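Participant: Residues in the sequence shown are numbered from 119 upward in steps of one, following our numbering.
Positions of the beta carbon are idealized from the N, C-alpha and C atoms, including for glycine.
All of these numbers come straight from a predicted model, not from anything done at the bench.
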Amino acid sequence: MSLLSDDEKNSIQEAYGSFFETFQQDITVHKVSEVIVADINLDQVFGYEEAAAPLNYSYQHKSQDFHALVVYPSRGDQDLGVMTEMAATIPEGEIRIKVCTDCRDYIQKGKTEKVVVKGKDYTLVSTEAHPNNILVGYYIFKLKEIK
Numbered sequence: 119m120s121l122l123s124d125d126e127k128n129s130i131q132e133a134y135g136s137f138f139e140t141f142q143q144d145i146t147v148h149k150v151s152e153v154i155v156a157d158i159n160l161d162q163v164f165g166y167e168e169a170a171a172p173l174n175y176s177y178q179h180k181s182q183d184f185h186a187l188v189v190y191p192s193r194g195d196q197d198l199g200v201m202t203e204m205a206a207t208i209p210e211g212e213i214r215i216k217v218c219t220d221c222r223d224y225i226q227k228g229k230t231e232k233v234v235v236k237g238k239d240y241t242l243v244s245t246e247a248h249p250n251n252i253l254v255g256y257y258i259f260k261l262k263e264i265k
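(1) Assign K238 to one of three DSSP states: helix, strand, or coil.
(2) Could you check where the beta strand (DSSP E) with I154 kicks off and where it finishes?
(3) Going straight from the alpha carbon of H185 to that of D144, what length do you get?
(4) Between K265, P191, P249, D183, which has its C-alpha nearest I208's C-alpha?
(5) Counting only the same chain and skipping the five closest in sequence on each side, list residues whose C-beta sits under 6 angstroms from that of D195.
(6) Using only CA atoms, which one of D124, V234, Y257 lies nearest to H248?
(7) Where do the N-terminal and C-terminal ends of the beta strand (DSSP E) with Q182 fall, by residue?
(8) So who's on the other strand from K216, going by DSSP bridges?
(9) In angstroms with no decimal places, state the Cα-to-Cα distance between A133 and S123.
(10) Based on Cα-Cα distance, which residue from V155, T230, V188, K265 lies nearest to S176?
(11) In terms of residues, what are the limits of the beta strand (DSSP E) holding S176?
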């Protein structure tokens with residue numbers, strides 16, 4: 119027996135979706151650049167006054183923009199209402215982001231170099247955490263500022 123009916127759970131999910139859309143911020147997730155080798159030239163013998171080999175590789179940078187809820191550490195002069203308890207447990211220099219499934223999948227696939235939030239660079243500190251069984255499709259990550 120559940121304390122909440124399926125209809126109530128759906129109502130909560132819809133209300134949270136509206137909350138997420140209202141307070142979301144844009145973030146950019148950068149992946150580690152991929153090295154692409156254009157040509158392998160093994161004819162040259164180094165050290166015998168031959169011209170240097172031309173640059174035969176390039177870097178392919180991958181990044182993608184997503185929406186997230188961002189929770190910053192609380193400061194004494196902030197009134198965060200319901201978020202006060204969560205923000206009070208976040209160490210200085212760290213933030214928490216809550217993202218949807220598409221962003222979680224992008225972060226988990228491959229190696230994530232950094233996440234940019236409001237012009238500041240952050241690195242991942244944790245793997246995803248799923249908050250509860252009612253708000254499905256949202257995941258929390260811990261990020262630490264890169265200085």
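Facilitator: Taking the geometry as given:
(1) As a first step, residue 238 is located in the sequence shown; it is residue number 120 there, counting from the start. Three-state DSSP puts K238 in a strand.
(2) Taking the sequence shown and counting its residues from 1, the one referred to as residue 154 is at position 36. Note, I154: beta strand (DSSP E), 152-155.
(3) On the sequence shown, residue 185 is found 67 positions in, with the first residue counted as 1. On the sequence shown, residue 144 is found 26 positions in, with the first residue counted as 1. The alpha-carbon of H185 is positioned some 5 angstroms away from that of D144.
(4) For this step, residue 208 is matched to residue 90 along the sequence shown. For I208, the closest C-alpha among the options K265, P191, P249, D183 is that of P191.
(5) In the sequence shown, residue 195 corresponds to position 77, counting from 1. Low local confidence applies: a pLDDT of 49 at D195 is under 50, so the model's placement there is unreliable, and no value is given.
(6) Taking the first residue of the sequence shown as 1, we reach residue 248 at position 130. Measuring from the Cα of H248, the nearest candidate turns out to be Y257.
(7) One-based indexing of the sequence shown puts residue 182 at position 64. Run containing Q182: 181-189, per the beta strand (DSSP E) assignment.
(8) Here residue 216 corresponds to residue number 98 of the sequence shown, with the count starting at 1. K216 is bridged to L187, I258.
(9) The residue labelled residue 133 in the question sits at position 15 within the sequence shown. The residue labelled residue 123 in the question sits at position 5 within the sequence shown. Between A133 and S123, the C-alpha separation is close to 15 angstroms.
(10) Counted from its first residue, the sequence shown places residue 176 at position 58. Nearest C-alpha to S176: V155.
(11) As a position in the sequence shown, residue 176 is number 58, starting the count at 1. That run of the beta strand (DSSP E) goes 175-178.
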